[in-house]
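Enquirer:
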Amino acid sequence: MKSLILILTMLFITSCASIESRPLTWHHYGIQVDSESYDDKYIRGVSYLPSVMNQKIYAWASLSEYGHYFKLQVHNKSNKPISSNYFLDQFELFTKDGAKYILEPTGGIARYPEKKYINPQDTVWFSVNTPKGLKHEDDIAKIVIKLGYDARIVLKPKPSKGVQ
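Residues -17 to -1, 1 to 147, numbered by mature numbering (1 follows the signal peptide of the UniProt record, and there is no 0), are exactly what the sequence shown covers, in order.
#1: Is it buried or exposed for Arg5, if we count other Cβ within 10 angstroms and need 16 for buried?
#2: Compare the Cα-Cα distances from Gly108 to each of His119, Arg27, Phe74 and Val35 and report the closest residue.
#3: Spatial neighbours of Phe77 within its chain, please: C-beta separation below 6 angstroms, excluding the five flanking residues on both sides.
#4: Going by alpha carbons, who is nearest to Thr113 out of Tyr49, Val35 and Ile14?
#5: By a C-beta neighbour count over all protein chains shown, 10 Å radius and 16 as the cutoff for buried, is Arg27 buried or exposed?
#6: Which residue or residues does DSSP assign as beta-bridge partners of Asp105?
#7: Relative to the alpha-carbon of Lys129, which residue among Leu86, His10, Gly81 and Tyr31 has its alpha-carbon at the smallest distance?
#8: Can you tell me which of Ala134, Ser110 and His10 puts its alpha carbon nearest to the alpha carbon of Tyr95?
#9: From Pro142 to Tyr69, what does the alpha carbon distance come to, in whole angstroms?
#10: Three-state secondary structure (DSSP) at Glu97?
#11: Short of 8 angstroms in beta carbon distance, which residues of its chain neighbour Leu32, apart from the five on each side in sequence? Order them along the chain.
#12: Tell me the DSSP secondary structure of Lys24 in three-state form.
#13: In chain order, what residues of the same chain have a beta carbon less than 6 angstroms from the beta carbon of Asp122, not counting five sequence neighbours either side?
#14: Just grab the DSSP bridge partners of Phe70 for me.
#15: Is it buried or exposed, Lys139, if we count other Cβ atoms within 10 angstroms and call 16 or more buried?
#16: Measure the beta-carbon distance from His58 to Thr106 and round it to whole angstroms, keeping in mind my assumption that it falls under 8 angstroms.
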């Protein structure tokens, strides 16, 4: 009987230890947009203007499993480095009702990426806290990532699979 309890306990512990968290699902995608005045056109998909938009600098965003933070993945496929600095970089979230939130990096400066630049062909991950006022991910109109003085990336919600 003791060995049966021991075996069942071991099975329970090992099964709990092997539970993986779900893979990230990227719900927001964006490219570099130099001017706020073009955000709405980009988000609505009305036009693409190469003079103010750059598809070689882009990002993905995913809300964490429990909704406490966003994982942001920034790609630099351009031929120039992008400066990045804890004190200059800024992350903003805008809701459909017009509210604006500044998103703070999780873990502060201690957990911020150490690289001073995102070099060409490189990818950097950022993690930022979700705002307390955000009730649902569907309320997000856009996320804006400002990296140093070099890049401004506007992320929009990806359309649902059923939407054409």
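Where a beta carbon is used, it is the ideal one built from N, C-alpha and C, also for glycine. Remember, it's a predicted structure, so these values are computed and weren't measured experimentally.
Expert: Considering the structure as presented:
#1: As a first step, residue 5 is located in the sequence shown; it is residue number 22 there, counting from the start. Only weak support is given to the placement of Arg5: the predicted model assigns it a pLDDT of 46, under 50, and the value that follows is read from those uncertain coordinates. Answer is exposed; the Cβ neighbour count stays below 16.
#2: Counting from 1 along the sequence shown, the entry for residue 108 is found at position 125. Contrary to the premise, residue 108 reads as Trp rather than Gly in this sequence. Ranking His119, Arg27, Phe74 and Val35 by Cα distance to Trp108 puts Phe74 first.
#3: The residue you call residue 77 lines up with position 94 of the sequence shown. Contacts found: Lys83, Ala124 and Lys125.
#4: Counting from 1 along the sequence shown, the entry for residue 113 is found at position 130. For Thr113, the nearest C-alpha among the options comes from Tyr49.
#5: By one-based count along the sequence shown, residue 27 stands at place 44. The residue is exposed, with fewer than 16 neighbouring Cβ atoms inside 10 Å.
#6: Residue 105 sits at position 122 when you count from the first residue of the sequence shown. Looking at the DSSP assignment, Asp105 forms a beta bridge with Asn59.
#7: Mapped onto the sequence shown, residue 129 falls at position 146. Looking at the Cα atoms, Leu86 is the closest of the given residues.
#8: The residue labelled residue 95 in the question sits at position 112 within the sequence shown. The option with the nearest alpha carbon to Tyr95 is Ser110.
#9: The sequence position of residue 142 within the sequence shown is 159, counting from 1. The sequence position of residue 69 within the sequence shown is 86, counting from 1. Between Pro142 and Tyr69, the C-alpha separation is close to 31 angstroms.
#10: Taking the first residue of the sequence shown as 1, we reach residue 97 at position 114. Note: Glu97 maps to coil in three-state DSSP.
#11: By 1-based counting over the sequence shown, the position of residue 32 is 49. Same-chain partners within the cutoff: Tyr21 and Lys24.
#12: What you label residue 24 is simply residue 41 of the sequence shown in a count that begins at 1. Three-state result, Lys24: helix.
#13: For the purposes of this step, residue 122 is identified with residue 139 of the sequence shown, where counting begins at 1. Cβ within range, chain order: Thr78 and Lys79.
#14: Locating residue 70 in the sequence shown gives position 87, counting from the first residue. Partner(s): none; Phe70 has no beta bridge.
#15: Position 156 of the sequence shown, counting from 1, holds the residue named residue 139. The residue is buried, with at least 16 neighbouring Cβ atoms inside 10 Å.
#16: Indexing the sequence shown from 1 puts residue 58 at position 75. Indexing the sequence shown from 1 puts residue 106 at position 123. Rounded, the Cβ-Cβ distance is 5 angstroms, consistent with contact.
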